[in-house]
Amino acid sequence: MQSSASCLACMGKGVLTSRMGARRFFLHQFQINQENTVSLSLAKWIPGKYRQIVYAVAAFLLFDLGVLVLNFYTSYQISEDAVSINLAGRQRMLSQRMTKSLLAMQSDALAGEPQDAALEELRTTVALFDTSFRGFESGGEVKGGDGTPVPLVAVASPAGRAILAKARAVWDPYLAALQPVLRGDASWETRLPAAVAYGRANNVKLLGLMNDLTSHLEREASAKASRLRLIQTAGIALALLNFAFILVHFLRQLRESDQVIEAAQQETQEILATVKEGLFLLGPDLRIGTQVSASLPGILGERARPGTDFFEVLDERVPATALQAARDYARLLFGDRVKESLMGDLNPLSLMEMTQTNDRGEPQTHFLSIHFNQVRVGGRVSHLLVTVQDVSEQVRLERALAAADARTRSETEALLKVLTTDSASLLGFLDQARQTLLRINTTLKNHNSDERYDGLINGIFRQIHTLKGDAAMLGLDLFEAQAHEFERLLIALREQPDLRGNDLVAIPLKLDAFLDRLATVRDIAERLTSSRVQHTPAVLAGKRFAQLGKRIAADHGKAVELAVELDKLNALDPCAQTTVSEIAVQLLRNAVVHGIETPQQRTQLNKPAQGNVHIRLHAHDNGEFELCVRDDGSGLSPARIRETLLASGRYTVEQLDQWDHKQLIMRIFEPGFSTVTTGDRDAGHGVGLDVVKQKIARLGARLSIATRPERFTEFSIRFTVPA
Amino acid sequence: MNAQAHPYASLKPDDLNVFVEAIAHYFHQISAEDAQVRPAYLTDEDDRRRGDYTGLIRISGQFQGQVYFSAPSAMLRHLLLSQGESQHSEDTLLDLVGEVANTLSGNARRYFGDRFVISVPQTQRGAPAATGEHAFAIPLNWKKYNALLIVEVDRCGA
Chain A
122 MQSSASCLAC MGKGVLTSRM GARRFFLHQF QINQENTVSL SLAKWIPGKY RQIVYAVAAF
182 LLFDLGVLVL NFYTSYQISE DAVSINLAGR QRMLSQRMTK SLLAMQSDAL AGEPQDAALE
242 ELRTTVALFD TSFRGFESGG EVKGGDGTPV PLVAVASPAG RAILAKARAV WDPYLAALQP
302 VLRGDASWET RLPAAVAYGR ANNVKLLGLM NDLTSHLERE ASAKASRLRL IQTAGIALAL
362 LNFAFILVHF LRQLRESDQV IEAAQQETQE ILATVKEGLF LLGPDLRIGT QVSASLPGIL
422 GERARPGTDF FEVLDERVPA TALQAARDYA RLLFGDRVKE SLMGDLNPLS LMEMTQTNDR
482 GEPQTHFLSI HFNQVRVGGR VSHLLVTVQD VSEQVRLERA LAAADARTRS ETEALLKVLT
542 TDSASLLGFL DQARQTLLRI NTTLKNHNSD ERYDGLINGI FRQIHTLKGD AAMLGLDLFE
602 AQAHEFERLL IALREQPDLR GNDLVAIPLK LDAFLDRLAT VRDIAERLTS SRVQHTPAVL
662 AGKRFAQLGK RIAADHGKAV ELAVELDKLN ALDPCAQTTV SEIAVQLLRN AVVHGIETPQ
722 QRTQLNKPAQ GNVHIRLHAH DNGEFELCVR DDGSGLSPAR IRETLLASGR YTVEQLDQWD
782 HKQLIMRIFE PGFSTVTTGD RDAGHGVGLD VVKQKIARLG ARLSIATRPE RFTEFSIRFT
842 VPA
Chain B
428 MNAQAHPYAS LKPDDLNVFV EAIAHYFHQI SAEDAQVRPA YLTDEDDRRR GDYTGLIRIS
488 GQFQGQVYFS APSAMLRHLL LSQGESQHSE DTLLDLVGEV ANTLSGNARR YFGDRFVISV
548 PQTQRGAPAA TGEHAFAIPL NWKKYNALLI VEVDRCGA
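Protein chains in written order, with my numbering: chain A, 122 to 844; chain B, 428 to 585.
Structure, rendered in structure tokens:
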């Protein structure tokens, strides 16, 4: 009862609002039920709540036993009193017989007849009277009516003792007068008249006293019997009262106890029906107990029913090794000396991933958490309380948080790296990137509804790819990654058949996010501008190319020695500087990714493991500038280019057959051309050389390509700048 | 279909498409000719001067801002004609853009659930003032007319 009361108090405090609270409450309720069951089975040890009823029943039996003993005692007393009364009555008769015998002896003596018979009767009568008299006075054995000795209790009451004293006063002289006659002395005949005379004189008196004694004993017996009846009646009354108390008090107590148990069971049922976790008790046979929470089949499937083997329910969802480990773990927990708190970490089911099909038959991944708690009764583990929770949402949230955290950290690192970039270059990039993005937005806005979307996508792709190249050249990983993400979106759109207008809604979202980030970085960068050292464009470009070349080589498992000679860059106007740098970036990327072989391939070709890329801007005497990008890699393969073009489906075999090597090589500048099958941030999208072609056109430059298989490739761009 | 609420969600293409498809469906229902959706872009002040009549819903919750449909009066009159409606008063034109806003509201409620709190549809002449920095314009062509769907939302606290 106390347990239930504290349970109700728990509910009052809202403990059930927490999942753990519900579990604790259930465990508590279970322990109450267990306590009740166990109490009944251990009734012989008289636990507290049954002690009262046992005492009451014992008292009832005691009263009954008392009455029984009293009955025995009463009948014994009545028997004793009957003996006394009978013997007292016999004394009356003996007093008369003594007198009669004396008178008979006197009469026989006068008639001269023998007196032996009368004398013998007198002797017997006197002896019996005297023995009985002493018995009344002091107690002892006396010959009864049938001649057998009977115990006679001495008269104890003062009134009785007074009667006896008076009788003694009469009897003693009488006996003294009789003694010579009874002994048969020589002079007995002379003594007889005196004895007769005393007998006659006191006969009536002695008879009266013996009569008084008899009446007194009868009154005494009657009073004693009345007293005993009273005690007997009281004993029976007490026993009946006690019985009534047992009936009323304990029936009420049992009813109240039943109500508490019923209420506890009702609460348990309500908890089991409401709680979101799967809750049940697992027996030592590892079978699910009789009571399970309503949500259990929803979490573990329909097989999770009372009486089934819990680990068989898990069989299809958990790998065999984990299942065996879980079974061993549960068995271990049934050890009475095993501390549950020390075992928690070993639970192989604390978090498990499982796949279930939903109502529509689609597979869905769930994360379940199964916990075991020991239920102890009398210090021994009787069951395990199993709690099954679907923690899918929690796990997903944790993973989303971890991913967001990792993303934030990565972006913060990237942002810090951005801020270490030369401020003038950074601000230049930010301006240029913003202009590029706004230009793309204007393109979107002004798009003619009659134009095809793939042309629009390719145009945007080129601009984003250039932006990515600029970011890469400056080592701005943050923007390079963002541009790469943008490219991936554009690739997906480019590959989508039957593009519609609403398929493109993701583009302004990307633009918006990109512009946002540019603005944020610009804001920070502007505050730092004043404290930065300014470098010439040539120095900055040299540094950036070195960084970019190193990064691309590392990403593609290449070993590259990069030589950069861009001093003449300072002689160009800013616009030309940008365009030349953009061309050089794309060609550098192309050289490292496509040109230079891996160190293993180079070794097999008897080439140094480390490849060389040489970027040089040369000013000719005639005022022309020449940008050369040369690598000592695999060279351009017309056969491979032909193969790629054929596979793309853009050209037929007949068309390809008409072209010579030079014409085939020039096709690498077509949009979408790429000889690698998987795209990454440096290659594979078929846009790099397309950008080069656009930039060359913008510069009004001439392009020439020199290549030799397995030896080298050199791109040469010659241009003039306005004076 | 119902979007799953997520504490780190940002506006997704599907979110924008809910509004686009709501309007496209509306045109499909009331007219024999479907509206053609053109590429979306980041809107500017110039776009606000285009529409004569606007039906809008305001949203709050995880995001806040407004979504509205602005159309020239000629387009609206043509739409009414195509429905056999001869009344072309200003009230009728406002009712028409109100209907579009109502469609936007219904679809948004179904899709976003409790991510967005959506106001009752409103109508006005011209276009509303900007409420935030992030506005996306989705042009819709119907016959020879151009209307704009503007989605202008910012994350709360952004």
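A virtual CB, placed ideally from N, CA and C, is assigned to each residue, including glycine.
So residue i is in the alpha helix (DSSP H); what residue range does that whole segment cover?
i	result
T481 of chain B	Per DSSP, T481 of chain B belongs to no alpha helix (DSSP H); it is in the beta strand (DSSP E), Y480 to G488.
V459 of chain A	Unbroken run through V459 of chain A: none, as it is neither H nor E.
T311 of chain A	W309 to F366
D752 of chain A	Element bounds for D752 of chain A: not the alpha helix (DSSP H) but the beta strand (DSSP E), F746 to D752.
K264 of chain A	Element bounds for K264 of chain A: not the alpha helix (DSSP H) but the beta strand (DSSP E), G261 to K264.
R559 of chain A	Rather than Arg, the amino acid found at residue 559 of chain A in this sequence is Leu. Unbroken alpha helix (DSSP H) run through L559 of chain A: S544 to K566.
G399 of chain A	Unbroken run through G399 of chain A is the beta strand (DSSP E), G399 to L403; no alpha helix (DSSP H).
Would residue i be called buried (16 or more neighbouring beta carbons within 10 Å of its own) or exposed?
i	result
L669 of chain A	buried
H337 of chain A	buried
M122 of chain A	The predicted model places M122 of chain A with a pLDDT of 38, which falls under 50 and marks its position as unreliable, so this point remains unresolved.
P729 of chain A	exposed
I817 of chain A	buried
E601 of chain A	buried
P548 of chain B	buried
K765 of chain A	The amino acid occupying residue 765 of chain A in the given sequence is Thr; Lys does not appear at that position. Label assigned to T765 of chain A: buried.
T641 of chain A	exposed
I409 of chain A	buried
For the beta strand (DSSP E) that residue i lies in, which residues bound it at each end?
i	result
G525 of chain B	Where G525 of chain B is concerned, there is no enclosing beta strand (DSSP E), although the alpha helix (DSSP H) it sits in stretches over E517 to F539.
R501 of chain A	R501 to D511
W569 of chain B	A562 to W569
A740 of chain A	G732 to A740
V271 of chain A	P270 to L273
L824 of chain A	R823 to R829
I545 of chain B	F543 to I545
What number of angstroms, rounded off, separates the C-alpha of residue i from the C-alpha of residue j?
i	j	result
L161 of chain A	L368 of chain A	At L161 of chain A, the pLDDT of 44 sits below 50, so the modelled position is not reliable and the matter cannot be decided from this model.
E156 of chain A	M473 of chain A	Confidence at E156 of chain A is low in this model, with a pLDDT of 47, below 50, so the placement of that residue is unreliable and no value is reported for it.
T834 of chain A	L757 of chain A	7 Å
E775 of chain A	S570 of chain A	35 Å
G210 of chain A	L361 of chain A	41 Å
S216 of chain A	V178 of chain A	57 Å
H452 of chain B	N562 of chain A	26 Å
V325 of chain A	L349 of chain A	36 Å
I578 of chain A	L614 of chain A	8 Å
G261 of chain A	F366 of chain A	48 Å
P566 of chain B	T442 of chain A	59 Å
I545 of chain B	P629 of chain A	24 Å
T719 of chain A	R672 of chain A	15 Å
Y574 of chain A	N573 of chain B	19 Å
V175 of chain A	F181 of chain A	10 Å
F550 of chain A	A592 of chain A	7 Å
D293 of chain A	S196 of chain A	35 Å
L595 of chain A	L738 of chain A	19 Å
P405 of chain A	A358 of chain A	54 Å
A449 of chain B	Y538 of chain B	11 Å
F401 of chain A	H504 of chain A	10 Å
F455 of chain A	R376 of chain A	35 Å
I153 of chain A	A384 of chain A	Residue confidence for I153 of chain A is low, a pLDDT of 46 falling below 50, so the modelled location carries little weight; the figure read from the coordinates is stated next. Computed Cα separation, rounded: 11 Å.
List, in order along the chain, the chain C residues whose C-beta lies closer than 7 Å to that of residue i?
i	result
L632 of chain A	This model lacks chain C altogether; the protein chains it does include are A and B.
Between the stretch 603-627 of chain A and chain B, which residues of the former have CB atoms less than 8 Å from a CB of the latter, in chain order?
Result list: R621, G622, N623, L625, V626 and A627.
Please identify, using Cβ separations under 7 Å, the residues of the stretch 468-494 of chain B that lie next to chain A, in order along the chain.
When C-beta distances to chain A are compared with 7 Å, the residues of the stretch 468-494 of chain B below that value are Y468 and L469, in chain order.
When you compare the stretch 781-795 of chain A with the stretch 454-462 of chain B, are there three or more beta-carbon pairs, one atom per stretch, that lie closer than 8 Å?
No, the stretch 781-795 of chain A does not touch the stretch 454-462 of chain B.
Measuring CB atoms only, is the stretch 658-676 of chain A touching the stretch 501-521 of chain B, in the sense that at least three cross pairs come out at less than 8 Å?
No, they do not touch.
Specify whether the stretch 605-625 of chain A and the stretch 683-696 of chain A touch according to this definition: at least 3 beta carbon pairs, one from each stretch, less than 8 Å apart.
As far as the Cβ criterion goes, the stretch 605-625 of chain A does not touch the stretch 683-696 of chain A, which means the pair count is below three.
Do three or more CB pairs link the stretch 726-745 of chain A to the stretch 681-691 of chain A at distances below 8 Å?
Counting Cβ pairs under 8 Å, three or more are found: they touch.
Residues in the stretch 666-679 of chain A having any Cβ partner in chain B nearer than 9 Å:
Correct list: empty, as no residue qualifies.
Three-pair Cβ contact test at 8 Å for the stretch 487-498 of chain A versus the stretch 452-463 of chain A
With the rule of 3 Cβ pairs closer than 8 Å, the stretch 487-498 of chain A counts as touching the stretch 452-463 of chain A.
Are the stretch 284-300 of chain A and the stretch 326-345 of chain A touching, with three or more C-beta to C-beta distances below 8 Å?
Counting Cβ pairs under 8 Å, three or more are found: they touch.
If contact is defined by three or more beta carbon pairs under 8 Å, each pair taking one atom from either stretch, is the stretch 290-306 of chain A in contact with the stretch 263-280 of chain A?
In short, these stretches do not touch, since the Cβ pair count stays below three.
Proximal residues, the stretch 545-575 of chain A versus chain B, C-beta separation under 7 Å
Of all residues in the stretch 545-575 of chain A, N562, L565, K566, H568 and S570 have a Cβ within less than 7 Å of some Cβ in chain B.
Segment contact flag, the stretch 472-483 of chain B with the stretch 516-531 of chain B, C-beta cutoff 8 Å, min 3 pairs:
Short answer: they touch.
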